[in-house]
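Heads up: the structure comes next, in structure tokens.
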Amino acid sequence: MADIATHDTGHAADHGHHSSTGLSNNKLAMWLFLGSECLLFGGLISTYMLYRGRVQNGPHPSQIYDIPFTSVSSFVLLMSSLTMVLAVSSAHRKDDSKTNLWLTITALLGATFVGGQVYEFTTFYREGLGFTTSLFGSSFYSLTGFHGVHVSVGVIMLLSLMGIIKKNKITGDKAEVVELIGLYWHFVDVVWIIIFTLVYLIPS
Amino acid sequence: MSTNELTLTPSESPSLSNKLTISPTQTLGAVRRPVNTTGWREWLFTVDHKKLGIMYGAVAFVFFIVGGVEALFIRLQLALPDGRILSADKYNQMFTMHATTMIFLFAMPMAAAFANYFLPLQIGARDVAFPRLNALSFWLFLSGGLILNASWFLGGAADGGWFMYAPNSGPVFSPSNGVDFWILGLQIAGIASLIGSINLIVTVLNMRAPGMTLMKMPVFTWMILVVQFLLVFSLPVITVALVLLMFQRSYGATFFDVSQGADPLLWQHLFWIFGHPEVYVLILPAFGIISEVLPTFSRKPLFGYPFVVFSGASIGLVGFGVWAHHMFASGLGPVSVAVFSMATMAIAIPTGVKIFNWLLTMWGGKIWYSAAMKFAIGLVILFTIGGLSGVTHAVAPSDTQQTDTYYIVAHFHYVLFGGMVFGLFSGFYYWWPKVFGKMLDEKLGTWNFWFMVIGMNLTFGPMHILGLQGQPRRMYVWTEARAGEGFFNLGMWNMVASIGSFILAVGVLFFIINVIKTTRNPERAPIDPWDARTLEWITASPPKVHNFDRIPVVHHLDEFFHRKYEEDEATHTMKQVATGEELVRAEEAAADADIHMPGPSYWPILLAIGVGVLGMGVIYGTPIMVFGALVVLFSSYGWVLEPSVPESIDFDTPSTDGHTKEIAPLG
């Protein structure tokens, strides 16, 4: 939804209208959406925390988690937040080629993370942890899968954004659109830090 | 609100609508923008908050009839012992769909109808912040509602109660696809509500007319704002619950599989963390409506405006901390029960504050007993009865006796029917002349009111007795053997309740007759029939496409009233200095030039259809899902590439001073 919202009132910033709060409609909407997303992940994380030790079939969390591997992919995702910041900063300086460069790198890092997750899921599946194997399996795949979908949607948004910038189709404030997608991207990263800590680092 | 009304298109002022000519913009190089559409297309592709509000209302009213007929089936089945109208299975489907329909497909969208229509008008805006998202919300809601009800014809409806407790709603006990349709329908309707709530919050926070501070906003707008915050933070929780149940039912996940060690309380917690705020989502809009109606028809300002506002906000806030009072019988442990019991009782305080404020608003006022006022007073009385029985549920030991009996059914029908529905009907009578430019018949309105009051008390009043006698909810039959004696005779009160439900239905029928009669009546309503107080009345009825010819500048709470009346220095009484008509004429004379409104769009309805098809794919297989996803993808890109407002060059020539006025959605 996010990319839809960002373009809806693209004209707003163009004409320098004032809103009652001083925040643009788009940005306010994005913050509200992210606030709502907190509760979505809150529910999924709670479910996982409730069920992580409940293994009647298949492997136990400690038997399959590969902490070094996941640490590396977490690091990759965190670095993508840095490159996203650089993209937003370039967009504010109206430097299109730099913006494009940093957006590309951000998308690549995000895609690398998703690739790592696909690899991880495949490995876990081979080691006997299916989606239906145990409560742990169902809740692990649901939580991390939901997060992975969020990252993938983010990557798609970044790629679409680059296409739209290239074709000069943005009707509103270009830097703000980059910033909005940046907000979403950082949110997804922050959620991963919580998931990584609760799911992988704290032993069940 | 039958489909007849859809033909009652607001007639725009010819001078201004001519200026709103829009020429086509192409998106994706494939589909031309549906500008200058007329007839049914005008409704299908509209992004106008007023048209969407009317469509919300019309569809919600149809679902009100559907849910009402389901209720009548239930009462027919229970009128006599050993009822034979419905089988046990059909009965389960009937009460599940009755509650689901009434809550998700009538009450919430009807509140959305009022919010959509009046919120921008009350804050002096020309539309909501995201007009296309607004259209998307409506079409998603419709798509969710159709999916929910399609289950009747595709193998049976959901049968687990509107709370759909898992594991009871798992594939073992609910083998038909009914629960799957229910899950998908609610997910889609939930997305609609989430988008709608974000949209309305941004609208209220960002798009108020100059001078309208938060504490000068009408109470209805305030209550809608509180409700949208409740929705933003509670909907994702039920989304999680629904997704888990969907994964379990459709993809074999184990979340509610007790043999795997699952916790049956997980669903209950997730559901009620959403479900309790939902209760306030239902009632607060009605509170908002009567907080407009009571002052208008008492000829007095609302007593204690800040108290009404902040008690509404605190009901919303505390409402997030009381969900486990729905689970007192589940064995939560004494500490949890005590905490939730106390919190629940605490909610009675702000609610009581509101009731006293309404009473004191009427106190000493010159009360005009119009139909709208009758319904508003009805709400105050009936909601108070329901509120008092609600406090008895807050007392956990008492609640464990009442759980799953008709006493609970009596309670929530008093607060929801006596409270919410009466508030909505009050709103119908109050705002009908604004929306359609015609007055609903007051005499029929009085019949409507009395039949509904008597019917509702006959239906739900006896349920207190039935419940305290121990008649359980959701039982498809009761038997003579379990009947009490004398005054407590179950047979008598069940029959009374069933008769009452039909009296209630006749009351609703009076409303429908009233609507048909009003639609055929050529007489136009006056501009300001009620001597009203808020901004939505400072424009034509029905309002023009752009709502206000000139964006009003606000100086007072109840701005419209203060433009009509000024205080006489000598006598300290209010004296009329202008009529509503004069004020509206003055606004028209000073109309803004070159008002740009957002153009109609194909994408919202197309996207909603795509989401609906995608959802059906969960039940009917991957190819359908892929097709739905492609439609979603296509329409998302079409949406993004389409400017929300048709290009400037498509418009009329700018005004002579070179300054082009934009509509409110643009900031």
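Going line by line, the protein sequences match chains A and B.
One point on numbering: in our numbering, the residue at position 113 of the first sequence is 199, and numbering is uninterrupted.
One point on numbering: in our numbering, the residue at position 480 of the second sequence is 543, and numbering is uninterrupted.
Backbone N, C-alpha and C define an ideal beta-carbon position, used for all residues, glycine too.
All figures in this text were calculated on a predicted structure; none of them were measured in a lab.
Expected contact under 8 Å - CB spacing of residue i and residue j to nearest Å
i       : j       : result
T164(B) : G116(B) : That belief does not hold up - the Cβ atoms of T164(B) and G116(B) are roughly 20 Å apart, past 8 Å.
G482(B) : F438(B) : Rounded, the Cβ-Cβ distance is 11 Å, inconsistent with contact.
M309(B) : V681(B) : 7 Å
G453(B) : H474(B) : 6 Å
Beta-carbon gap between residue i and residue j smaller than 9 Å
i       : j       : result
D190(B) : N610(B) : yes
V174(A) : V264(A) : yes
G248(B) : G207(B) : yes
G324(B) : R140(A) : yes
H332(B) : W245(B) : no
I20(B)  : A174(B) : Past the edges of chain B, shown from 64 to 730, lies residue 20(B), and the structure says nothing about it.
Y539(B) : L143(B) : no
V478(B) : G449(B) : yes
I264(B) : L109(A) : no
P340(B) : G379(B) : yes
V356(B) : G490(B) : yes
G196(A) : V241(A) : yes
N511(B) : S106(A) : no
V559(B) : P525(B) : yes
I137(B) : V674(B) : no
D152(B) : P230(B) : no
R104(B) : P667(B) : no
S132(A) : F296(B) : no
D152(A) : T209(A) : yes
V267(B) : G351(B) : no
L120(A) : L269(A) : yes
W600(B) : K506(B) : no
I150(A) : L194(A) : no
Bridge-paired residues (DSSP) for residue i
i       : result
T208(A) : The partner list for T208(A) (beta bridge, DSSP) is empty, contrary to what the question assumes.
Y628(B) : Q639(B)
K607(B) : N610(B)
P525(B) : Answer is none; P525(B) lacks a bridge partner.
P535(B) : T468(B)
H236(A) : Paired residues: none, contrary to the question.
Inter-residue Cα distance where the pair is residue i and residue j
i       : j       : result
V647(B) : I576(B) : 31 Å
T198(A) : S176(A) : 23 Å
G92(B)  : L189(A) : Residue placement at G92(B) is flagged as unreliable, the pLDDT there being 46, under the threshold of 50; a coordinate-derived value is accordingly withheld.
F127(A) : F551(B) : 50 Å
I288(A) : F222(A) : 15 Å
L229(A) : Y134(A) : 7 Å
V443(B) : T414(B) : 11 Å
G530(B) : R537(B) : 12 Å
P234(B) : R312(B) : 6 Å
G187(B) : T634(B) : 33 Å
G218(B) : F282(A) : 43 Å
L266(A) : N112(A) : 8 Å
F273(A) : S246(A) : 19 Å
F127(B) : L572(B) : 12 Å
I418(B) : F177(B) : 22 Å
T101(B) : G129(A) : 45 Å
K252(A) : N186(A) : 9 Å
S461(B) : Y470(B) : 11 Å
K114(B) : N197(B) : 11 Å
P364(B) : T468(B) : 42 Å
D243(B) : F204(B) : 17 Å
Residues of its chain near residue i, where Cβ-Cβ distance is below 6 Å and the 5 sequence neighbours each way are ignored
i       : result
L423(B) : F366
D612(B) : E650, E651, A654
F109(B) : With the sequence shown as reference, residue 109(B) is identified as Thr, and Phe is not the correct amino acid for it. P663, listed in sequence order.
H735(B) : Residue 735(B) lies beyond the range of chain B shown here (64 to 730); nothing can be said about it.
L141(B) : N557
Same chain, Cβ closer than 8 Å to residue i, neighbours up to 5 away in sequence not counted
i       : result
L345(B) : I166, A170, M171, A174, L479, M483
K279(B) : V617, H619, L620, E622
S224(A) : Y137, F217, T218
L135(B) : S564, F565, A568
Close beta carbons around residue i, own chain, < 7 Å, minus the five adjacent residues each side
i       : result
F370(B) : V416, N420
H178(A) : A261
Contact test: residue i Cβ vs the ligand HEM heavy atom, cutoff 8 Å
i       : result
M519(B) : This structure simply doesn't include the ligand HEM, nor any ligand for that matter.
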